[in-house]
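K.L.:
Have a look at this one before I ask anything.
Residue numbers (our numbering): 133 to 657.
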């Protein structure tokens, strides 16, 4: 009896199944809906591929449908590429045309969009490159979703490459010299060229179109790189700028014509080459400015540098066998969102005035292993999301596997703000006998009850508020997360007049009656 019952149930199930029509797809009649009417792809450089953007297509009906064709309006000649629900497209038209795409009732599919175009293919008046995705149906005109992207022309500096096999290449390298063990150091990159066949003179970077750097661009010995006011420089991942031991860097930015901190029209800007909005504040997109130069003429004026691993690394290639100091002057400049350090100096000579550094993974400033550092009228704030980051790290040593190597160190800070989210944002440590710190008229965030600070005389002028120094006064910055580090109220922490430069970072005048410390002058409206 039980077997008979099971056979009857099986028969009923088979009969019900045979009556279903799961795989009968009706032709699309044009009722598709879309997550957006237009897909705006962010600005891309000429002939450089974009990120991937997503479009969602909905079948709100009760019928399983088949879309006769999903295709790009410009067909095989389109600079766009699409992928429909993981499929690659019709034979010979991959990424351009898809036939008979099935979509279940009350279901959706994803279309992923990319573009690679040269500027010559864009509209010559606005440099927009456009196309559309067309969804055909049996009742009338195709439904469409517009595609729009801005193509930006650029100068490209990159290492040459030689193909070895089908998928492997040997890239051009640059010899930086020898390390402490006298071994040659070579890195993927290219030396700048006075007579490049495409870029012309690569030792002058102008502002008529951006520069995009792949690998490392080298300023070799006895050469000077001049960067013009308003220039825009973009670095690909694992790329940077290197100044050789006898090379020179001159960044010639100018102040804002409006005295507005957010007006960067005359600044020189260094950042990554991902132009999408989502990458505008992502740290670690490129490597660093690496300064090996002993030239006293290295000067940076009005530079905004963001999203590097280390903003500026200044040290000799052979740290222990070369006693000379790398040299750099930085004025009226900003460094933001570096994944490790804003400035890392090792036995360097760095002078900086009106310098702002905000939010770095380890420290805004790390002045280490000796050298001479002089910071005036500057603002260093670090609210990185970590319990270990600092705003300023100062020490006189380099730790090896077997010992601490020590060099003579002198560090002066005048009229500076050193602040952040941790209870103490400055680290002072010495291993040798010659370690001089001079702090005048500065504001520090410190845990003045910390036993380690109380026991360490290096902190006395900070902890005891000597030499005009103040501690733990909230500077009330405008907006830390947006890198707006100007005070919204008068701090009542006045500068030491003799060390105050006459103008702040945005060219507002300083005067004895109403002058705050830090890079930005507070002037009541």
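Every residue gets a Cβ at the ideal spot worked out from N, C-alpha and C, and that includes glycine. None of these values were measured; they are calculated from a predicted model.
1) Between residue 334 and residue 183, how many whole angstroms is the CB-CB distance? I'm expecting something under 8 Å.
2) What residue range is occupied by the uninterrupted beta strand (DSSP E) comprising residue 592?
3) At the level of alpha carbons, what is the spacing between residue 147 and residue 414?
4) Determine the extent of the alpha helix (DSSP H) in which residue 583 is found, giving its start and end residues.
5) Below 7 Å CB to CB, which residues in the same chain sit around residue 290 once its five sequence neighbours on both sides are set aside?
6) Short of 6 Å in beta carbon distance, which residues of its chain neighbour residue 502, apart from the five on each side in sequence? Order them along the chain.
7) So residue 309 and residue 367 are supposed to be a Cβ contact under 8 Å. How far apart are they, rounded?
8) Comparing the CB of residue 372 with every heavy atom of the ligand NAD, is any distance shorter than 7 Å?
9) Counting C-beta neighbours from all protein chains within 10 Å, is the total for residue 463 16 or more, i.e. buried, or is it exposed?
10) Measuring CA to CA, which of 394, 388, 371 is closest to residue 406?
11) Assuming residue 548 and residue 650 make a contact with CB atoms under 8 Å, what is their CB distance in whole Å?
12) Within the chosen definition, does the stretch 183-192 reach the stretch 288-308 through at least 3 CB pairs nearer than 8 Å?
13) Tell me whether the beta-carbon of residue 359 lies closer than 8 Å to the beta-carbon of residue 384.
14) With 16 as the cutoff for other CB atoms within 10 Å, does residue 485 come out buried or exposed?
15) Write down every uninterrupted run of the beta strand (DSSP E) in the stretch 513-559 whose length is 3 residues or greater and which is fully enclosed by it, in chain order.
16) Select from 553, 285, 610, 174 the residue whose C-alpha is nearest the C-alpha of residue 604.
17) Once DSSP output is grouped into helix, strand and coil, what is the label at residue 312?
18) Have a look at residue 566 and residue 483 and give me their C-alpha separation to the nearest angstrom.
19) Going by C-alpha to C-alpha distance, which of 449, 400, 568, 461 sits closest to residue 380?
20) Does the separation of the CB atoms of residue 426 and residue 382 fall below 8 Å?
21) Starting from the C-beta of residue 396, find all residues in its chain whose C-beta is less than 8 Å away, skip the five residues before and the five after it, and write them out in chain order.
22) Would you call residue 467 buried or exposed, if buried means 16 or more other Cβ atoms sit within 10 Å of its Cβ?
23) How long is the line joining the alpha carbons of residue 622 and residue 647, rounded to whole angstroms?
24) In the structure shown, what three-state DSSP assignment does residue 421 receive?
25) With DSSP run on the structure shown, which of helix, strand or coil describes residue 638?
26) Determine the closest residue to residue 261 out of 171, 273, 572, with distance taken between C-alpha atoms.
27) What does residue 201 pair with, by DSSP beta-bridge criteria?
28) Quick one: grab the DSSP three-state call for residue 188.
29) Taking the alpha-carbon of residue 257 as reference, which of 284, 267, 221 has the nearest alpha-carbon?
P.N.:
In short, the structure shows the following:
1) Not really, about 28 Å apart at Cβ, beyond 8 Å.
2) It is not in any beta strand (DSSP E) - residue 592 instead sits in the alpha helix (DSSP H) that spans 592-595.
3) Confidence is the limiting factor: at residue 147 the pLDDT is only 45, short of 50, which leaves the residue's position unreliable and the question unanswerable from this model.
4) Its alpha helix (DSSP H) spans residues 583-586.
5) Only 322, 346, 347 meet the Cβ criterion.
6) Spatial neighbours of residue 502 in its own chain (CB-CB distance under 6 Å, excluding positions within 5 residues in sequence) are listed in chain order as 479, 528, 539, 540, 541.
7) Contact between residue 309 and residue 367 fails: their C-beta atoms lie close to 22 Å from each other, not under 8 Å.
8) Absent from the structure shown: the ligand NAD. Ligands present: none.
9) Of the residues assessed, residue 463 falls on the buried side of the cut-off, its CB having 16 or more other CB atoms within 10 angstroms.
10) Closest in alpha carbon position to residue 406, among 394, 388, 371, is 371.
11) Residue 548 to residue 650, Cβ: 7 Å. Contact.
12) In short, these stretches do not touch, since the Cβ pair count stays below three.
13) Result yes, Cβ atoms of residue 359 and residue 384 sit closer than 8 Å.
14) Counting the other CB atoms within 10 Å of its CB gives residue 485 a total of 16 or more, which places it among the buried residues.
15) For secondary structure counted as the beta strand (DSSP E) over 3 or more consecutive residues, the stretch 513-559 holds these complete runs in sequence order: 522-527, 529-531, 536-538, 541-546, 549-552.
16) When only C-alpha atoms are compared, the closest one is 553.
17) Coil, per DSSP.
18) Using only the alpha carbons, I get a separation of about 20 Å.
19) Out of 449, 400, 568, 461, 461 has the C-alpha closest to the C-alpha of residue 380.
20) Between residue 426 and residue 382, the CB-CB gap reaches or exceeds 8 Å.
21) Taken in chain order, the residues that qualify are 388, 436.
22) Residue 467 should be labelled buried.
23) In this structure, the alpha-carbon of residue 622 lies about 9 Å from that of residue 647.
24) Under the three-state reduction of DSSP, residue 421 is assigned to strand.
25) If DSSP states are grouped into helix, strand and coil, residue 638 belongs with coil.
26) When C-alpha distances from residue 261 are compared across 171, 273, 572, the shortest belongs to 171.
27) DSSP, once it has assigned bridges, lists 231 as partnering residue 201.
28) Three-state DSSP puts residue 188 in a strand.
29) In terms of Cα proximity to residue 257, the closest of 284, 267, 221 is 284.
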